[in-house]
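A.B. asks:
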Amino acid sequence: MMEVFRTLEDTFNFKIIQHEPLSGGSISQVYKLNTNQGDLVLKLNTSDKIDLFLAEEIGLNTLRNTQSFIIPEVLGIGSIGGFAYLLMEFIPSGRANSSTFKEFGENLAHLHAHQAAMFGFESDNWVGTLTQVNQPETSWSQFYWKHRILPQYQLAVQQNLISKDEIPEEKDFTQVIENEFIKTKSSLIHGDLWNGNYIINAEGKIALIDPAVYYGHPMMDIGMAKLFGGFDEEFFEAYRENTEDTSNWDTQIELAQYYYLLIHLNIFGRSYLPQVQHIKEKYFNG
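Sequential numbering from 1067 applies to the sequence shown in the working numbering.
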């Protein structure tokens, strides 16, 4: 670690006064660096994981270009010895005010207004420790099946978490998605919008971190936000007021959560299997 710190000081011309670990470091080691040029965030992983940081930089820059949210600036990415590092701006946290979650919902609707002709992205990235393939497709049903649901089922089978005969039939799955996601738009989404990936700054504004961006269905962000809580109801109300409403909001949320529950099954184990099976049986057993 001392070699890493000394090399960073030389490379970026600052002096580290002290450092402390930050929460949320289950994938990488994360530190707050107090330097003579201000506070910074340092993420460390093994050197073979540098692609993870490069993808994170692309995602952060893509979000910043929409001017929808505060996004921390990446100052540098590289390798030191056996470590890969990402150095970026530190955003001090504060408390929500009366307009924080309303603006959050409005800003997410603004982000989702950035659209593309295809579903996918210019490069692949990660959700947690799992690769997320973003090969472009013309239809949401095909993209969601080929690059989200099927790969997670295949991984679950490989890990003996589920049997092969529990995978839905492609025809059944895509038909349900086409029926339920009628007004399908390809929107730029954060891709991993749980409560650990936003920061309320000192002014009560929202900053987003750790994206898994691609052009997908906007309800993927809403589904993830609903899955584990931590979002005030005012956020959802403001979002709905600033985007096209749908008559099957709850169904789309549940189908969006299907992907994230499969991810959690593959990363954290069988405790998520009942929720996966519930959605599968509800929508894809007929």
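Where a beta carbon is used, it is the ideal one built from N, C-alpha and C, also for glycine.
Could you say if the stretch 1183-1199 and the stretch 1320-1334 meet the contact criterion of at least three C-beta pairs nearer than 8 Å?
C.D. replies: Yes, the stretch 1183-1199 touches the stretch 1320-1334.
A.B. asks: Nearest to HIS1178 by alpha carbon, out of PHE1350, ASP1316, TYR1280?
C.D. replies: As a working mapping, residue 1178 is identified with position 112 in the sequence shown. Measuring from the Cα of HIS1178, the nearest candidate turns out to be TYR1280.
A.B. asks: Please say whether LYS1292 and ILE1255 have beta carbons closer to each other than 8 Å?
C.D. replies: Against the sequence shown, residue 1255 aligns to sequence position 189. Against the sequence shown, residue 1292 aligns to sequence position 226. No; because the gap between Cβ atoms is not below 8 Å, this pair is not in contact.
A.B. asks: Where do the ends of the alpha helix (DSSP H) carrying PRO1087 lie?
C.D. replies: The residue you call residue 1087 lines up with position 21 of the sequence shown. Not the alpha helix (DSSP H): PRO1087 falls in the beta strand (DSSP E), residues 1082-1087.
A.B. asks: If distances are taken between C-alpha atoms only, which option among GLU1139, TRP1315, LEU1120 comes closest to VAL1107?
C.D. replies: Counting from one through the sequence shown, the residue named residue 1107 turns up at place 41. Considering only alpha carbons, the answer is GLU1139.
A.B. asks: With respect to the beta strand (DSSP E) encompassing SER1253, which residues constitute its N-terminal and C-terminal limits?
C.D. replies: Along the sequence shown, one-based indexing puts residue 1253 at 187. From DSSP, the beta strand (DSSP E) with SER1253 extends over 1253-1255.
A.B. asks: Hey, THR1116 and ILE1093: beta-carbon distance below 8 Å or not?
C.D. replies: Stepping through the sequence shown from its first residue, residue 1116 is reached at position 50. Stepping through the sequence shown from its first residue, residue 1093 is reached at position 27. In the sequence under discussion, the amino acid at residue 1116 is Ile, which differs from the Thr named in the question. Not closer than 8 Å, so no.
A.B. asks: With which residues is VAL1107 paired in a DSSP beta bridge?
C.D. replies: In the sequence shown, residue 1107 corresponds to position 41, counting from 1. Answer is LYS1098, MET1154.
A.B. asks: Considering only the alpha carbon of each residue, which of THR1317, PRO1284, LEU1274 lies closest to SER1134?
C.D. replies: On the sequence shown, residue 1134 is found 68 positions in, with the first residue counted as 1. Of THR1317, PRO1284, LEU1274, the residue nearest in Cα terms is LEU1274.
A.B. asks: Measure from the alpha carbon of MET1184 to the alpha carbon of each residue in THR1166, ASP1190, SER1205, SER1165, then state which is nearest.
C.D. replies: Translated into the one-based positions of the sequence shown, residue 1184 becomes position 118. Measuring from the Cα of MET1184, the nearest candidate turns out to be SER1205.
A.B. asks: My parser needs the alpha helix (DSSP H) runs of 4 or more residues fully inside the stretch 1248-1287; what are they?
C.D. replies: Listed in chain order, nothing qualifies, since the stretch 1248-1287 has no complete alpha helix (DSSP H) run of 4 or more residues.
A.B. asks: Taking its Cβ as the centre, do 16 or more other Cβ atoms sit within 10 Å of GLY1147, making it buried, or is it exposed?
C.D. replies: Mapped onto the sequence shown, residue 1147 falls at position 81. Answer is exposed; the Cβ neighbour count stays below 16.
A.B. asks: Between which two residues does the alpha helix (DSSP H) carrying VAL1242 extend?
C.D. replies: As a working note, residue 1242 is residue 176 in the sequence shown. Residues 1236-1246.
A.B. asks: Cα-Cα, which of ASN1200, PRO1217, LEU1129, ILE1083 is closest to HIS1176?
C.D. replies: Within the sequence shown, residue 1176 is the residue found at index 110, counting from 1. It is LEU1129 whose Cα lies nearest to the Cα of HIS1176.
A.B. asks: Got a sec? Which residues, its chain only, sit under 7 Å from GLN1103 by beta carbon, not counting five neighbours each side?
C.D. replies: Walking along the sequence shown from the start, residue 1103 turns up at place 37. Around GLN1103: PHE1080.
A.B. asks: On the DSSP bridge assignment, give the partners of THR1112 in chain order.
C.D. replies: Within the sequence shown, numbered from 1, the residue matching residue 1112 stands at position 46. THR1112 pairs with PHE1149.
A.B. asks: To the nearest whole angstrom, what separates the beta carbons of THR1240 and SER1207, a pair I think is in contact under 8 Å?
C.D. replies: Translated into the one-based positions of the sequence shown, residue 1240 becomes position 174. Translated into the one-based positions of the sequence shown, residue 1207 becomes position 141. THR1240 to SER1207, Cβ: 4 Å. Contact.
A.B. asks: How is GLY1171 classed by DSSP in three states: helix, strand or coil?
C.D. replies: If you number the sequence shown from 1, residue 1171 lands on position 105. It is helical.
A.B. asks: Within 10 Å of its beta-carbon, does GLN1084 have 16 or more other beta-carbons around it, so buried, or fewer, so exposed?
C.D. replies: For this step, residue 1084 is matched to residue 18 along the sequence shown. So GLN1084 counts as exposed.
A.B. asks: Should LEU1242 and PHE1170 be called a contact, given that it needs their Cβ atoms to be closer than 8 Å?
C.D. replies: For the purposes of this step, residue 1242 is taken as the residue at position 176 of the sequence shown. For the purposes of this step, residue 1170 is taken as the residue at position 104 of the sequence shown. In the sequence as presented, Leu is not what sits at residue 1242; that position holds Val. No; because the gap between Cβ atoms is not below 8 Å, this pair is not in contact.
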